[in-house]
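Q: Residue numbers (the UniProt record's numbering): 1 to 355.
Have a look at this one before I ask anything.
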């Protein structure tokens with residue numbers, strides 16, 4: 001998209017969202033939109049930042065907002081903006097977990113071309129995926145001690161998320177009467193995700209791993225909301241770089257054991273270093289050190305953590321099957337990536353050896 005096209009798109013957005021927002025504010029004030037920009041192209045939704053201004057009669061009001069707009073194409077992991085909207089509203093209603101405040105939602109696609117919701121903009125910084133935060137950027141510029149503190153602060157915030165009673169997210173599994181365990185997670189999310197991603201094709205490595213993990217699933221010591229994309233890159237930090245400002249991107253949240261998210265967090269740390277040939281940056285825990293910290297924060301032992309590392313490796317391998325499937329220009333992988341297959345085999349072997 002050229003700069004001219006981008007400017008035109010933002011002008012069109014402002015002309016549509018202003019009247020729509022006006023109709024939903026007390027007193028129906030005229031709303032002016034400024035500073036609209038689309039900083040990045042998300043895989044499952046568009047993100048537009050903007051400022052809305054209006055006069056209530058008692059003074060001028062200004063809100064810095066974010067629009068998350070559903071893409072009109074196949075999205076990764078069956079992601080959906082209204083799914084995220086409901087999850088974030090429930091998180092805010094039942095906890096003090098730091099998530100952006102949700103303001104409005106719209107299912108009518110005629111307004112912006114697709115369903116969307118608006119949330120407050122949160123100030124902060126996010127560790128970058130590309131280039132990897134292991135390599136460069138503000139996170140890499142922190143001291144080793146600061147990186148360690150930021151990493152654990154992210155885990156502490158995630159633990160607050162996991163302490164919310166899973167029944168507060170009953171809309172994610174209306175018929176579920178017992179605490180969601182690993183089998184529930186594999187059947188309701190990973191299995192369905194695989195069926196969607198493979199689109200009728202056979203991937204024996206994945207199918208066999210899924211069957212193995214399902215048969216060996218341990219009982220759940222705790223159940224709750226599974227963020228499902230838990231990682232540094234979905235954690236916003238404050239100006240100092242160590243305090244958590246917000247967690248975001250709950251488009252594919254589901255239910256299950258917290259270890260699913262913890263293992264995903266650790267595994268993505270590996271992917272964003274080893275998969276790109278970048279040395280792992282100092283200060284980020286892993287292995288026994290990470291598990292010991294998780295056990296301290298969650299107040300219980302996690303003896304089967306290697307099982308969930310295998311689940312995390314399987315999830316990321318499935319994701320590679322469709323390569324997000326959103327844009328034909330991105331292309332789909334001709335075969336499963338060797339690195340991801342090797343990591344799955346490694347963690348499956350580690351789990352099976354320790355049973």
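The C-beta atom is built at its ideal place from N, Cα and C for all residues, glycine as well.
Only a predicted model underlies this, so the values are computations on that prediction, with no experimental measurement involved.
1. So, for residue 241: in the same chain, excluding its five sequence neighbours on each side, which residues have a beta-carbon less than 8 Å away from its beta-carbon?
2. For the segment 262 to 297, which segments carrying the beta strand (DSSP E) assignment without a break, of at least 3 residues, lie completely within its bounds, in sequence order?
3. Which two residues bound the contiguous alpha helix (DSSP H) that contains residue 70?
4. Given residue 189, which residues of its chain have a CB within under 6 Å of its CB, disregarding the five upstream and five downstream residues?
5. For residue 182, tell me which candidate among 116, 36, 170, 312 has the shortest Cα-Cα distance.
6. What residue does the alpha helix (DSSP H) around residue 212 start on, and which one ends it?
7. Assuming residue 351 is part of the beta strand (DSSP E), what are its boundary residues?
8. Who does residue 256 pair with in a DSSP beta bridge?
9. Which residue comes first and which comes last in the alpha helix (DSSP H) that contains residue 195?
10. Considering only the beta carbon of each residue, do residue 396 and residue 272 sit closer than 7 Å?
11. My assumption, with CB atoms under 8 Å, is that residue 29 sits in contact with residue 56. Please give the rounded CB distance.
12. How many Å lie between residue 293 and residue 302 at the Cα?
13. Roughly how many angstroms separate the alpha carbons of residue 129 and residue 233, rounded to a whole number?
14. Can you find the residues in the same chain that come closer than 7 Å, C-beta to C-beta, to residue 316, ignoring five residues on each side of it along the sequence?
15. Taking Cβ to Cβ, would you say residue 172 is nearer than 7 Å to residue 97?
16. Quick check on the DSSP output: the beta strand (DSSP E) that includes residue 144 runs from which residue to which?
17. Roughly how many whole angstroms lie between the Cα atoms of residue 118 and residue 24?
18. Could you say which of 223, 13, 264, 196 lies nearest to residue 110 if we only look at CA atoms?
19. State the DSSP-derived secondary structure class of residue 46, mapped to helix, strand or coil.
A: With the structure as the only source:
1. Residue 241 sits at position 241 when you count from the first residue of the chain shown. Non-local beta-carbon contacts of residue 241 in its own chain, meaning distances under 8 Å to residues more than five positions away in sequence, involve 125, 138, 139, 142, 146, 150 in chain order.
2. Within the segment 262 to 297, no complete beta strand (DSSP E) run reaches 3 residues.
3. Residue 70 sits at position 70 when you count from the first residue of the chain shown. It is not in any alpha helix (DSSP H) - residue 70 instead sits in the beta strand (DSSP E) that spans 60 to 70.
4. The count along the chain shown starts at 1 and reaches residue 189 at position 189. The answer, listed in chain order, is 254.
5. What you label residue 182 is simply residue 182 of the chain shown in a count that begins at 1. Among 116, 36, 170, 312, the Cα nearest to that of residue 182 is on 312.
6. Numbered from its first residue, the chain shown carries residue 212 at position 212. That run of the alpha helix (DSSP H) goes 204 to 215.
7. The sequence position of residue 351 within the chain shown is 351, counting from 1. The continuous stretches of beta strand (DSSP E) do not include residue 351, which lies in the alpha helix (DSSP H) extending over residues 338 to 354.
8. The count along the chain shown starts at 1 and reaches residue 256 at position 256. As computed with DSSP, residue 256 is found in a beta bridge with 224.
9. If you number the chain shown from 1, residue 195 lands on position 195. Residues 192 to 198.
10. There is no way to answer for residue 396, as the model of the chain reaches only from 1 to 355.
11. As a working mapping, residue 29 is identified with position 29 in the chain shown. As a working mapping, residue 56 is identified with position 56 in the chain shown. Confirmed, Cβ separation roughly 6 Å.
12. Along the chain shown, read from residue 1 onward, the residue named residue 293 stands at position 293. Along the chain shown, read from residue 1 onward, the residue named residue 302 stands at position 302. Between residue 293 and residue 302, the C-alpha separation is close to 10 Å.
13. Along the chain shown, read from residue 1 onward, the residue named residue 129 stands at position 129. Along the chain shown, read from residue 1 onward, the residue named residue 233 stands at position 233. Straight-line Cα distance between these residues: approximately 6 Å.
14. On the chain shown, position 316 is the one that residue 316 refers to. Excluding sequence neighbours, residue 316 sits near 267, 271, 340.
15. Sequence index remark: in the chain shown, residue 172 carries index 172 (1-based). Sequence index remark: in the chain shown, residue 97 carries index 97 (1-based). Contact: no.
16. Translated into the one-based positions of the chain shown, residue 144 becomes position 144. Segment 144 to 162 is the alpha helix (DSSP H) holding residue 144; no beta strand (DSSP E) there.
17. Translated into the one-based positions of the chain shown, residue 118 becomes position 118. Translated into the one-based positions of the chain shown, residue 24 becomes position 24. Looking at the backbone, the Cα of residue 118 and that of residue 24 are separated by about 12 Å.
18. Here residue 110 refers to the residue found at position 110 of the chain shown. The residue from 223, 13, 264, 196 with its alpha-carbon nearest to that of residue 110 is 13.
19. For the purposes of this step, residue 46 is identified with residue 46 of the chain shown, where counting begins at 1. In the structure shown, residue 46 adopts extended strand secondary structure according to DSSP, grouped into three states.
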